[in-house]
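**Student:** First the structure, which I've put down as structure tokens, then a few questions once you've had a look.
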Amino acid sequence: MRGPVHPGRRRGRRRPLIAGACAVLAAAAIAGCSSGATGPPVLNVYGPADGAEQYSAAAKDCTAASGGRYSVVYQTLPKSADDQRLQLARRLVAGDSEVDIVGIDVTWTAEFAAAGWIEKLPEDVAAQVRQGTLDGPLQTATYQGALWAAPLNTNTQILWYRKDLSPTPPATWDEMISASERLHQQGLPSYIEVQGAQYEGLVVWFNTLLNSAGGQIVDEDGNVLLGRGDAAQKALSVMQRVAASPASDPSLSVNKENDGRLAMEAGTAAFQINYPFVYASIHTPPPDGGGGGTFIDPQGKPTSADTGRRVVDEFAWAPYPSVVPGQPAKPTIGGINLAVSTTGQHKDLAFAAIQCLRNRDNQLRNAVEGGVPPTLSDLYTDPSFQAKYPAWEAIKNSLDNASVRPLTPGYTSISIVLSDLLNPPAAIDPATAVPMLADEVQGAANSEGLVP
Amino acid sequence: MSLQSGALAASTEQVTQRPGGPTKAQMSEGKRAERNLGLLLCAPAAIIIVLVTAYPIGYAIWLSLQRYDLRFPAEQAFVGLSNYVTVLTSGYWWQAFGVTMLITVISVAIEFVLGLALALMMHRTLVARGLVRTVILIPYGIVTVVAAFSWQFAWTPDKGYLAALLPTGSAPLTDFGSALAIVIGAEVWKTTPFMALLLLAGLALVPDDLLKAAQVDGAGPWQRLTQIILPMMKPAILVALLFRTLDAFRVFDNIYILTQGSNGTGSVSMLGYDNLFKAFNLGIGSAISVLIFICVALLAVLFIKLFGAAAPGSEPSGRR
Amino acid sequence: MATTTGDPRTRVWWGVAGLVVVLYALVPVLWILSLSFKTTDTITDGNFIPRSWTLDNYAQIFSLDIFTSALVNSIGIAIISTVLAVVIGTMAAYAIARLDFPGKKVLVGVSLLIAMFPQISLVSPLFDIERAVGLFDTWPGLILPYITFALPLAIYTLSAFFREIPWELEKAAKMDGATPLQAFRSVIVPLAAPGVFTTAILVFIFCWNDFLFAISLTSTPRSQTATVAIANFTGASQFAEPTGSIAAAAVLLTIPIIIFVLLFQRRIVAGLTSGAVKG
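Chains as they are written, first to last, in the numbering used here: chain A, 1 to 452; chain B, 453 to 772; chain C, 773 to 1051.
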């Protein structure tokens, strides 16, 4: 194949190049490999970044409690739920055998189960998990009548308000909007902080309002009920009025949970709809938390000068405001469920480990240190828990009235479509939006349409 | 990335002016050896290109004809062109397409004007010439994600120096118009220097004598620009515009960081990405991918047909 | 060269114009640099210049495994891709510039196509193929597409450079008694090296910059590159915003670029514009 013309010149040029290429390829191959370990099997738990400290501690305790059968390592996923799901799903579709246990958002149970990414809980495990666990959280871990995951913690929103600005908490959204506008007219902090950005949090807001008004997005059989009755229109009207009010936060349409928390800690908000982590934050000194920093001046406005009156001392909590006066709201239930991946190699051990990770001690630690509500009902009656978790009563009430987001594999698509159509909330036209919402949700539920 | 564009012209000219090849019958031993060596040297490049682009694009076309959602593995089936129908009848596609075209047209137009001004300035300045040529490479070289974060922080209320210049209460990244303007600004900032360098190279070809002669004949600066400089730079301008247009059409990084595509600011690349990795719908996602590919091909053809096939440097050169 | 006269007033105007350009190029970079030095409580003050300085943000990101591993991945993947792309590109460019063979036109044409190719079009099939063959979330899984998209750049830049080389010199050296290898080494290599080096810089910048492939074809610290790691930063604790960490990491990612630009400004410009407008 090689010609006789100038052989020396050409060979001389080629050889070092090929040698170089081989060396580099070899280096790439080595770098791509990792070596195995010895000792008890390692169970990797992939879960959210928020609360990672407590979950890591639980992993350590469970390793110790296993008596050398396995060791549990908590691997932190990104902070945003979308990114967590993305990373988990990509690993699972790629068959990553290092994923043993996944800590998944309550809304992904149906999707992960239908896609074959998580294992159904065996009957005995399921029976143990059901025992003593609150109803709402259990419902979120159920798909087609079977339990696919074990509720680790739950979550629910309540109303946080400034008692210096609003001595009695508003009971309904209408009351809250007029209170906020009143404060605005007086030149006082007036914002209502709620999740208005184009993401899951906005759908949570909508779902809570819709359920509180007596509606539902999709029923258990996958039928889209969004368009029935006037509940959706009522919900949309509340969202639009909150966002379009002159007293509202101008960046409401990009705010997520943390932005609302920060705004209220900075003294610019009078109300916020948020999770109980607000409490943990105001009791954590800066820079890790928001407990301090801003003060209230004699006019009631925020200042960084020490006036002796800290903003966070004025924080109080109350039940989620109603949409229909006299009917308690139905806050959307959140939280994390633990499931065993179909790609892991030690599934039996993993089923044992998830029960340990969600045991009473670990749930108590998650609640006290991380602020997330437990899923075991008897903790709520335990005086020592109540003492360390002062907002327990409002939270328990919220959980008892909870509403669940659609338990369908297409939920993420539904959520993306909804969050796109509902953002920015100020631009919603409650009178005309409902049929379009119902239509798009229908397509998304069947995975037939595009997601924006 | 727009790295490629620069060198294109020179190499295509190689092809167009290839010396008349010998026919097989008269091919000498030496020629055959040369041919074999040529093929051998090009083989690795050809194999990688086929492996990583030709095969996947074929696979993408096949995927785009399937109902294939990773969340519904049992439902995979051949569905013909229905994914294309779904995409092309969806408002989201046309919204993204409009946004992408808007970004492309506006940013390339601004880049051209700014780039030309920058090129003229670099061509003529006596002051700090080296410094200017060095610093403008920074926007070109900087990682797009890094620059995008810089803009994002700059425009975030209460955090950024640019947001501080706006009236209080404005949140520029959350409004469709201003968010799009910020995305375009970020694109322009990053790619104007590249445009300027390409135009500068074209500018170097304009003979000074000609400009001096025109000046003597009484042509003003504007006349000299439009009558002499721009026509003589046409090949360089076309190459620069073609590649920036195709590059701008692929915009992804800036939008991903700056707005995540919210408020309708997503580009077609964002839409494809979201359908692949949020909905895990490989069928629809592939259909979007193929449509983007067709758009880019059409744009390229349009450019070359509209402005003359001469675009990437087919002018003969006597070298070799 | 058509330059202005050197009178002081004109010089001042050119100076002002130059200053505007320098500010244009540097302000966004200085801003991220400033953010990276701000303390947690001043990071939201909106000041362009930090009121109090700290190195905490840098200490912070290096304490995160995710970032150090991402940096290693970025450097390793970019270097390997660069070396391979330049080696393969050099072979092809040499053939294109110097040899006559069938299919040359096709190769050049296909490379041209790839230069214009929308990367997103490859993401969905590559994702599905790579997860099937086990390349997903590995170094080679990223290196392969990087080489592919860097090849047109390498081939074009290099063949432009190679055509500038006076190959007759090699013949002359051999006539003077040098062996072919000596002739190649002492004459051709020094002439070709700058072109190869320039190409390597451009390819490296391209790989270093990539985001779309990196975010689509990786999922773990095993192969996640720094651009993706930055976009995924979560902040030190539940309540901390990651602005400072992102800024510090962004500055680190910019350092190699600044070094290249400062040391090799002429080369980069030559590489970017080589042949674009030769007439």
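Ideal Cβ placement from N, Cα and C applies to all residues, glycine included. Treat the numbers as computed from the prediction; the structure is a model and nothing was measured.
Who are the Cβ neighbours of N829/C in its own chain at under 7 Å, not counting the five residues just before and after it?
**Tutor:** Excluding residues up to 5 positions away in sequence, S808, G1016, S1017, A1019 and A1020 lie with their Cβ nearer than 7 Å to the Cβ of N829/C in the same chain.
**Student:** Would you kindly report the start and end of the unbroken alpha helix (DSSP H) that includes L795/C?
**Tutor:** P780 to F809
**Student:** Which whole-angstrom value is the C-beta distance of V668/B and S893/C, which I expect to be below 8 Å?
**Tutor:** Not quite, the Cβ-Cβ distance comes to about 54 Å (not below 8 Å), so this is no contact.
**Student:** Which first and last residues belong to the alpha helix (DSSP H) in which D174/A is found?
**Tutor:** W173 to Q185
**Student:** Could one say the Cβ of F983/C lies closer than 7 Å to chain B's Cβ atoms, at least one of them?
**Tutor:** yes
**Student:** Which one of S178/A, F271/A and V434/A has the shortest CA to CA distance from G229/A?
**Tutor:** The shortest C-alpha to C-alpha distance from G229/A to any of S178/A, F271/A and V434/A is the one to V434/A.
**Student:** Would you list the residues sitting across from F729/B in a DSSP beta bridge?
**Tutor:** None; F729/B has no bridge partner.
**Student:** Identify the contact partners of A81/A in chain C, using a Cβ-Cβ distance below 8 Å as the criterion.
**Tutor:** The premise fails here: A81/A is roughly 12 Å from chain C at the closest Cβ pair, so nothing lies under 8 Å.
**Student:** Note down, in chain order, all residues in the stretch 813-835 of chain C with a beta-carbon under 8 Å from any beta-carbon belonging to chain A.
**Tutor:** D813
**Student:** On the criterion of 16 or more Cβ atoms from any shown chain inside 10 Å, does Q528/A qualify as buried, or is it exposed?
**Tutor:** Nothing about residue 528/A can be read from this structure; chain A reaches only from 1 to 452.
**Student:** Please report the distance separating the alpha-carbon of Q84/A from that of N1004/C.
**Tutor:** When only Cα atoms are considered, Q84/A and N1004/C end up about 10 Å apart.
**Student:** Within the continuous beta strand (DSSP E) that includes L453/A, where are the two ends?
**Tutor:** Residue 453/A is absent from the structure shown; chain A starts at 1 and stops at 452.
**Student:** Can you check whether the CB of T920/C is closer than 7 Å to the CB of I499/B?
**Tutor:** Between I499/B and T920/C, the gap from beta carbon to beta carbon reaches 7 Å or more.
**Student:** Do the stretch 308-317 of chain A and the stretch 396-413 of chain A make contact, defined as three or more Cβ pairs closer than 8 Å?
**Tutor:** The way I'd put it, the stretch 308-317 of chain A doesn't touch the stretch 396-413 of chain A; fewer than three beta-carbon pairs between them come closer than 8 Å.
**Student:** In terms of alpha-carbon separation, which member of V557/B, A495/B and G724/B lies closest to V880/C?
**Tutor:** A495/B
**Student:** Hey, could you find the ends of the alpha helix (DSSP H) D439/A is sitting in?
**Tutor:** A433 to A445
**Student:** Spatial neighbours of L379/A within its chain, please: CB distance less than 8 Å, with the 5 preceding and 5 following residues excluded, ordered by chain position.
**Tutor:** R360, Q363, L364, A367 and F385
**Student:** Indicate whether T408/A and A444/A have their beta-carbon atoms separated by less than 7 Å.
**Tutor:** no
**Student:** Is there a Cβ from chain A that is less than 7 Å from the Cβ of R935/C?
**Tutor:** Not closer than 7 Å to any Cβ of chain A, the Cβ of R935/C fails to qualify, so no.
**Student:** For A1042/C, which of helix, strand or coil comes out of DSSP?
**Tutor:** helix
**Student:** Out of G737/B, G716/B and A656/B, point me to the one whose CA is closest to D726/B's CA.
**Tutor:** G737/B
**Student:** With H, G and I counted as helix, E and B as strand and the rest as coil, what does DSSP make of D348/A?
**Tutor:** helix
**Student:** Can you pull the chain C neighbours of R90/A, defined as C-beta to C-beta under 7 Å?
**Tutor:** Neighbours of R90/A on chain C, chain order: S991.
**Student:** Do V560/B and T717/B come within 7 Å of each other at the CB atom, strictly closer than that value?
**Tutor:** no
**Student:** Does the CB of P78/A have a neighbour CB from chain C at under 7 Å?
**Tutor:** P78/A counts as touching chain C.
**Student:** Sort out for me which residues DSSP pairs G103/A with in a bridge.
**Tutor:** L338/A.
**Student:** May I have the straight-line CA-CA distance separating L649/B from E98/A, to the nearest angstrom?
**Tutor:** 49 Å
**Student:** Can the beta-carbon of Y520/B be found closer than 7 Å to that of G735/B?
**Tutor:** yes
**Student:** When the Cα of F745/B is compared with those of G482/B, E481/B, N488/B and I509/B, which residue comes out closest?
**Tutor:** I509/B
**Student:** Does DSSP put P452/A in a helix, in a strand, or in coil?
**Tutor:** coil
**Student:** Please specify which runs of the beta strand (DSSP E), each continuous and at least 3 residues long, are wholly inside the stretch 628-660 of chain B, giving them in chain order.
**Tutor:** none
**Student:** Measure the CB-CB distance between V703/B and S719/B and report whether it falls below 7 Å.
**Tutor:** By the CB criterion at 7 Å, V703/B and S719/B fall inside the cutoff.
**Student:** Around the Cβ of S995/C, are there at least 16 other Cβ atoms within 10 angstroms (buried) or fewer (exposed)?
**Tutor:** buried
**Student:** I believe A197/A touches K256/A by the beta-carbon criterion, under 8 Å. Please report the beta-carbon distance rounded to the nearest angstrom.
**Tutor:** 5 Å
**Student:** What does V93/A touch in chain B if you count any residue whose Cβ is under 7 Å from its own?
**Tutor:** L522
**Student:** Does the beta-carbon distance from I192/A to S178/A come in below 7 Å?
**Tutor:** no
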